[in-house]
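**Student:** Protein chains in written order, with UniProt numbering: chain A, 1 to 206; chain B, 1 to 206.
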DNA sequence: AAATTTTGCTACCGATCGGTACTGAACGGA
DNA sequence: TCCGTTCAGTACCGATCGGTAGCAAAATTT
């Protein structure tokens, strides 16, 4: 059996889709962010995306897949501060950048308050457990990235020997998660940045 | 028009209810805690409560009222540590007791992980906005209680003059909320207690 | 121009949602 | 004992849930 591999990526036979899939995904992400997985109905989603149910299923699979892809977009978009923070030179700057990014994204004007990775689905009934588990894994993944980064900082002498990277990572992630909840409760950016500053006042010295 | 006022409270005419309303409410609270407001269907709730839909509506009103009453029970039960913590003699002990209580309740074996006041409803669609607002008010109420307590601590000299009680309260509540999210993500009691300890290492001296 | 493929649309699927009408039985007060 | 009230249970309400079938129009390939 011969298979034609599309090298030029220019030959999608048939009528091309009439909407921007990226922008549609962006809209879906915002709805999930604001209303959570269970609270976002297909009607909410598709009307925000500007497409019909048929087009949505053809382009994204189903609601769970749409959520997964929206989370990926969230990770590379509003939550990209997580990856950037890991590149800071010192552990303390990593933590500060991570918390500052969390504050900024959770309180961004024009965007939903809080964090999709937290309020997307913390507790759910049967039909929403896949989404819930996906988000749990997402948060724990972030925690692991921080831990690895702090472990490196210990190895490099950036953090005092004997420092527990696991604890530090959990601590930073806990504060970030709390910031997200507080933002969803209506807390403002300045107040939360002060909280983030306070959370770093006891950081291990270099 | 004459009205008979029931002074003895011993004359409920008609057939008495055949179930323990308190225990039924307890069961409902657990379902809301585990699955959230939107994720808990009436079928889930009533089958856990061991009563029929009719009895539930007669005894508690509707789903929103049931949730409100379940939250009250949660406040006086698993979340009673909040009230106890305020009675500690010093601000630092208040904060420590609050966070320790948050860790214990969020990771109690046999109970759902996390905090009903957080994961009950952080983001919701239209039908769940009342529950969401109720929880937001509940969390902000807790924040206010802490602020008042810390204000008193400042007035009494327990905290250094110039200390910002609002910031302290927000800080403690943020960490507690983060602990709840972490517990819902599977974090264990010991790990979270270490996080709570770390969060208090920079507490203002007395 | 023919062939192919996806579009956008309506209408619909079975299942479940929160909530209620109706019924017969069980209980208390008179 | 009889009346009045509330019980628990079933069956059902309209609405909405996530997901699809079928179709004519549109757009790209060959």
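The C-beta atom is built at its ideal place from N, Cα and C for all residues, glycine as well.
1) In this structure, does DSSP put residue 11(B) in helix, strand or coil?
2) What residue ranges within the segment 159 to 184 of chain B form continuous alpha helix (DSSP H) runs of no fewer than 4 residues, ordered along the chain?
3) Give the range of the alpha helix (DSSP H) segment to which residue 197(A) is assigned.
4) Should residue 63(B) be labelled buried (16 or more other beta-carbon atoms within 10 Å of its own) or exposed?
5) Determine the direct distance from the alpha carbon of residue 99(A) to that of residue 11(B), and round the result to whole angstroms.
6) In the DSSP assignment, find the unbroken alpha helix (DSSP H) run with residue 87(B) in it and report its ends.
7) Going by other Cβ atoms of all chains shown within 10 Å of its Cβ, with 16 needed for buried, is residue 7(B) buried or exposed?
8) Measuring alpha carbon to alpha carbon, tell me which of 59(A), 70(A), 184(A) ends up nearest residue 27(A).
9) Rank 145(B), 179(B), 36(B) by C-alpha distance to the C-alpha of residue 91(B) and give the top, closest one.
10) Chain A partners of residue 69(B), CB-CB under 7 Å?
11) Beta-carbon within less than 6 Å of residue 1(A)'s beta-carbon, same chain only, minus the 5 sequence neighbours each way: which residues are those?
12) So, does the segment 106 to 114 of chain B touch the segment 29 to 42 of chain B, judging by three or more C-beta pairs under 8 Å?
13) Cα-Cα, which of 129(A), 155(A), 116(A) is closest to residue 72(A)?
14) Tell me the residue span of the alpha helix (DSSP H) that contains residue 153(B).
15) Rounded C-beta distance between residue 21(B) and residue 80(B)? I'm assuming under 8 Å.
16) Which residues in chain A have a C-beta closer than 7 Å to the C-beta of residue 119(B)? List them in chain order.
17) Please classify residue 246(B) as buried or exposed, where buried requires at least 16 neighbouring CB atoms within 10 angstroms.
18) Mind checking which residues open and close the alpha helix (DSSP H) that includes residue 39(B)?
19) What residue range is occupied by the uninterrupted alpha helix (DSSP H) comprising residue 43(A)?
20) If you reduce the DSSP assignment to three classes, tell me which class residue 102(B) lands in.
21) Going by C-alpha to C-alpha distance, which of 159(B), 149(B), 155(B), 51(B) sits closest to residue 84(B)?
22) Quick check: what's the CA-CA separation for residue 43(A) versus residue 186(B)?
23) Mind checking if residue 8(B) is an interface residue toward chain A, Cβ cutoff 8 Å exclusive?
24) Listed from N- to C-terminal order along the chain, which residues in the segment 189 to 201 of chain A have their beta-carbon within a distance smaller than 8 Å of any beta-carbon of chain B?
25) In chain B, which residues lie less than 7 Å from residue 174(A) when you measure between Cβ atoms?
26) Indicate whether at least one CB of chain A lies closer than 8 Å to the CB of residue 223(B).
27) With a CB to CB cut of under 6 Å and the five nearest residues on each side skipped, what residues in its chain are close to residue 97(A)?
28) With H, G and I counted as helix, E and B as strand and the rest as coil, what does DSSP make of residue 1(B)?
29) Just the C-alpha distance for residue 159(A) and residue 153(A), rounded to the nearest angstrom, thanks.
30) Please tell me whether residue 180(B) and residue 102(B) are closer than 8 Å, where the distance is taken between their beta carbons.
31) Work out the CA separation of residue 169(A) and residue 155(A) for me, nearest whole Å.
**Tutor:** So, from the listed chains and residues:
1) Looking up residue 11(B) in the second chain gives position 11. Only weak support is given to the placement of residue 11(B): the predicted model assigns it a pLDDT of 44, under 50, and the question is left unresolved by the model.
2) 165 to 184
3) Walking along the first chain from the start, residue 197(A) turns up at place 197. Per DSSP, residue 197(A) belongs to the alpha helix (DSSP H) from 189 to 199.
4) If you number the second chain from 1, residue 63(B) lands on position 63. So residue 63(B) counts as buried.
5) As a first step, residue 11(B) must be located in the second chain, where it is residue number 11. As a first step, residue 99(A) must be located in the first chain, where it is residue number 99. Below a pLDDT of 50, predicted positions are generally treated as unreliable, and residue 11(B), at 44, falls in that range; the measurement from the model is reported next regardless. Rounded to whole angstroms, residue 11(B) to residue 99(A) spans 60 Å at the Cα level.
6) As a position in the second chain, residue 87(B) is number 87, starting the count at 1. Neither: residue 87(B) is in no alpha helix (DSSP H) and is coded neither H nor E.
7) If you number the second chain from 1, residue 7(B) lands on position 7. Summary for residue 7(B): the model assigns pLDDT 37, below 50, so the residue's position carries little reliability; its value from the coordinates is reported in the next sentence. Under this definition residue 7(B) is an exposed residue.
8) On the first chain, residue 27(A) is found 27 positions in, with the first residue counted as 1. Checking every option, the nearest Cα to that of residue 27(A) belongs to 70(A).
9) For this step, residue 91(B) is matched to residue 91 along the second chain. The shortest Cα separation from residue 91(B) among 145(B), 179(B), 36(B) belongs to 145(B).
10) Taking the second chain and counting its residues from 1, one reaches residue 69(B) at position 69. The contacting residues do not exist; residue 69(B) stays about 19 Å from chain A at best.
11) Numbered from its first residue, the first chain carries residue 1(A) at position 1. Because the pLDDT of residue 1(A) is 34, which lies under 50, any placement of that residue in the model is unreliable, and the number read from its coordinates should be weighed accordingly. Taken in chain order, the list of residues that qualify is empty.
12) yes
13) Within the first chain, numbered from 1, the residue matching residue 72(A) stands at position 72. Ranking 129(A), 155(A), 116(A) by Cα distance to residue 72(A) puts 116(A) first.
14) Here residue 153(B) is taken as the residue at index 153 of the second chain, counted from 1. Its alpha helix (DSSP H) spans residues 129 to 155.
15) What you label residue 21(B) is simply residue 21 of the second chain in a count that begins at 1. What you label residue 80(B) is simply residue 80 of the second chain in a count that begins at 1. That belief does not hold up - the Cβ atoms of residue 21(B) and residue 80(B) are roughly 20 Å apart, past 8 Å.
16) For this step, residue 119(B) is matched to residue 119 along the second chain. Neighbours of residue 119(B) on chain A, chain order: 122, 123.
17) In the structure as shown, chain B begins at 1 and stops at 206. Residue 246(B) is therefore absent and cannot be evaluated.
18) Walking along the second chain from the start, residue 39(B) turns up at place 39. Where residue 39(B) is concerned, the enclosing alpha helix (DSSP H) stretches over 21 to 39.
19) Here residue 43(A) refers to the residue found at position 43 of the first chain. From DSSP, the alpha helix (DSSP H) with residue 43(A) extends over 42 to 49.
20) Here residue 102(B) is taken as the residue at index 102 of the second chain, counted from 1. If DSSP states are grouped into helix, strand and coil, residue 102(B) belongs with the helices.
21) Along the second chain, read from residue 1 onward, the residue named residue 84(B) stands at position 84. Considering only alpha carbons, the answer is 149(B).
22) The residue given as residue 43(A) occupies position 43 in the first chain. The residue given as residue 186(B) occupies position 186 in the second chain. Rounded to whole angstroms, residue 43(A) to residue 186(B) spans 33 Å at the Cα level.
23) On the second chain, residue 8(B) is found 8 positions in, with the first residue counted as 1. Below a pLDDT of 50, predicted positions are generally treated as unreliable, and residue 8(B), at 40, falls in that range; the measurement from the model is reported next regardless. No - not a single Cβ of chain A is within 8 Å of the one on residue 8(B).
24) 191, 192, 194, 195, 198, 199, 201
25) The sequence position of residue 174(A) within the first chain is 174, counting from 1. Residues of chain B passing the Cβ test: 175, 178, 179, 182, 195.
26) Outside the displayed span of chain B (1 to 206) sits residue 223(B), for which this structure offers no information.
27) Numbered from its first residue, the first chain carries residue 97(A) at position 97. 85, 88, listed in sequence order.
28) Working through the second chain from its first residue, we reach residue 1(B) at position 1. Annotation note: pLDDT 35 at residue 1(B) (below 50); position unreliable, no value reported.
29) As a first step, residue 159(A) must be located in the first chain, where it is residue number 159. As a first step, residue 153(A) must be located in the first chain, where it is residue number 153. For residue 159(A) and residue 153(A), the distance between alpha carbons rounds to 6 Å.
30) As a first step, residue 180(B) must be located in the second chain, where it is residue number 180. As a first step, residue 102(B) must be located in the second chain, where it is residue number 102. Yes, these two residues count as a Cβ contact at 8 Å.
31) The count along the first chain starts at 1 and reaches residue 155(A) at position 155. The count along the first chain starts at 1 and reaches residue 169(A) at position 169. Approximately 15 Å between the Cα atoms of the pair.
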